[in-house]
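Below: the structure, in structure tokens.
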Ligand code: HEC
Ligand code: HEC
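Residue numbers (the numbering used here): 6 to 356.
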């Protein structure tokens with residue numbers, strides 16, 4: 006009798022134990038779910054794509070990232086190309102973009118005709134990174150009218166523009182193997198895009214204008230804190246030990262882009278920097294406020310850059326972008342305001 010009762014008591018204690026273990030288990034699961042909820046949310050892509058880190062870092066008005074990762078262009082994969090000769094060509098094009106200096110830099114094996122930058126220094130991940138100045142728009146983008154030259158431009162001309170301005174160098178032959186490989190590679194990157202539709206994430210992000218002029222003085226503080234560790238206090242960057250390519254490219258001085266280059270307009274530089282620098286950040290994980298991005302761009306473009314004869318650029322001055330820093334202009338605003346802003350009044354006057 007006594008034994009039977011004891012057995013029953015033990016059995017119910019065991020049942021209770023199992024129940025407690027079950028409850029603890031359920032509780033842990035619940036806690037885990039709450040902790041990582043955004044990642045588990047299968048029904049809402051927006052939340053799925055955004056890491057909790059970003060949500061803490063970025064203020065609500067700085068909302069570019071909110072819808073940024075939805076339907077963003079993703080570059081096609083070179084591994085899917087099976088035809089060996091086609092693949093070889095594309096890999097060559099990719100290498101020319103990623104390691105341009107090996108071929109055309111001051112120690113280049115084809116010619117020594119550029120400042121030593123790689124195309125990839127500005128067209129990140131060999132021109133595939135969303136908002137990293139990628140080439141998603143190139144395949145269907147050319148030939149097209151460009152206000153800078155006032156002409157219908159071929160893709161060859163556009164590529165050589167970057168050789169002559171961003172790489173402060175010489176144009177490469179239009180009919181050479183290198184030009185063909187670069188174009189083949191860019192067209193491959195655009196093979197999943199549609200004519201007449203700029204894919205989301207292509208090119209450089211257009212940062213909203215500030216209500217004030219960008220400040221080179223503030224920008225110097227940003228530069229010293231967040232950029233100098235790689236690009237050097239003097240902006241000259243750091244070559245790899247082989248002396249052929251940069252580990253950290255020059256951002257001003259004799260080996261940087263010249264005054265005719267796209268990045269010499271601070272809207273381009275600020276948009277590039279905001280979602281790509283310090284190196285490693287993306288549209289999801291920026292580390293600079295918009296103000297810091299504009300200011301550091303103003304600072305970098307106030308430092309010395311090689312000159313270029315751009316007297317033939319913008320033949321129709323009313324087509325000059327409002328942040329092109331050299332006159333003449335079709336309005337009354339000063340060169341200084343065209344360089345640093347505030348841009349809103351200029352834009353308003355243009356309408
Ligand atoms: C110093 C930075 C820099 C370097 C280096 C650079 N580019 Fe560019 N490139 C730019 C900028 C800025 C733009 C214009 C982006 C814009 O206005 O949105 C551009 C635009 C282009 C475009 C037009 C893209 C389009 O969507 O229409 C092509 C093509 C291009 N570059 C090719 C090259 C090639 C090839 C190289 C290497 C030989 C190169 N770039 C090196 C900064 C650079
Ligand atoms: C951790 C190192 C690092 C830091 C910090 C860093 N960069 Fe860069 N930056 C790079 C690298 C590396 C590249 C070239 C990327 C490539 O080739 O893939 C680059 C490229 C650039 C370029 C385009 C190429 C050129 O030389 O003109 C600019 C402009 C630039 N960085 C500006 C900045 C600014 C502004 C900051 C600070 C807000 C910054 N970087 C912070 C490593 C860094």
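Note that the Cβ used here is the ideal one computed from N, Cα and C, for glycine as well.
None of the values given here were measured: they were computed from a predicted structure.
Relative to ligand 1, the nearest heavy atom lies less than 8 Å away from the CB of residue 207. Rounded to whole angstroms, residue 278 and residue 219 show a C-alpha spacing of 14 Å. With fewer than 16 other Cβ atoms from the protein chains shown falling within 10 Å of its own Cβ, residue 312 counts as exposed. Residue 196 places its beta carbon 9 Å or farther from that of residue 326. Burial is judged here by how many other beta carbons sit within 10 angstroms of a residue's own beta carbon; residue 256 has at least 16 and is buried.
For residue 97, no beta strand (DSSP E) encloses it; the enclosing alpha helix (DSSP H) starts and ends at 89–103. Per DSSP, residue 151 is not a residue of any alpha helix (DSSP H); the beta strand (DSSP E) it occupies stretches across 149–151.
Counted as a single uninterrupted DSSP element, the stretch harbouring residue 156 is not any alpha helix (DSSP H) but the beta strand (DSSP E) occupying residues 156–158.
Counting C-beta pairs with one atom in each stretch, the stretch 90–97 and the stretch 177–196 have three or more that are closer than 8 Å, which means they touch. In this structure residue 332 touches residue 340 by the C-beta definition: roughly 5 Å separates them, less than 8 Å.
In this chain, the beta strand (DSSP E) harbouring residue 253 covers 251–253. For residue 334, the CB contacts under 7 Å within the same chain, skipping 5 residues up- and downstream, are 322, 325 and 343 in chain order. Its chain contains 206, 210, 280 and 288 as the residues whose beta carbon lies nearer than 6 Å to that of residue 136, once the 5 sequence neighbours on both sides are disregarded; these appear in chain order. Contact between residue 106 and residue 129 is absent: CB atoms are separated by about 16 Å, not below the 8 Å threshold. Straight across, the Cα-Cα distance linking residue 172 with residue 261 is about 7 Å. Distance from the C-beta of residue 253 to the nearest heavy atom of ligand 2 is below 8 Å. Nearest Cα to residue 75 within the set 96, 160, 16 and 204: 204.
By alpha-carbon distance to residue 223, the top candidate from 265, 301 and 189 is 301.
Counting every other CB atom within 10 Å of its CB across the protein chains shown gives residue 214 a total of 16 or more, marking it as buried.
Short of 7 Å from the beta carbon of residue 298, and not among the five residues preceding or following it, lie these beta carbons of its own chain, in chain order: 212, 275, 278 and 279.
Collapsing the DSSP output to three states places residue 244 in a strand. Classified as exposed, residue 259 has fewer than 16 neighbouring CB atoms from the shown chains inside 10 Å of its CB. In this structure, the C-beta of residue 329 stays at least 8 Å away from each heavy atom of ligand 1.
Only residues of its own chain outside the window of five on either side were considered, and among them 147, 148, 149 and 151 have a CB closer than 7 Å to the CB of residue 158, listed in chain order.
If you look at residue 273, you'll find it in the alpha helix (DSSP H) that goes 271–279. The C-beta separation of residue 126 from residue 251 comes to about 7 Å, placing the pair in contact by the 8 Å criterion. In this structure, the C-beta of residue 146 approaches ligand 1 to less than 8 Å from one of its heavy atoms. In the three-state reduction of the DSSP assignment, residue 310 falls in the coil class, being assigned neither a helical nor a strand state. In the structure shown, the three-state DSSP call for residue 79 is coil. Residue 161 counts as buried, since at least 16 other C-beta atoms from the protein chains shown sit within 10 angstroms of its C-beta.
The three-state reading of DSSP puts residue 263 in coil, since its state is none of H, G, I, E or B.
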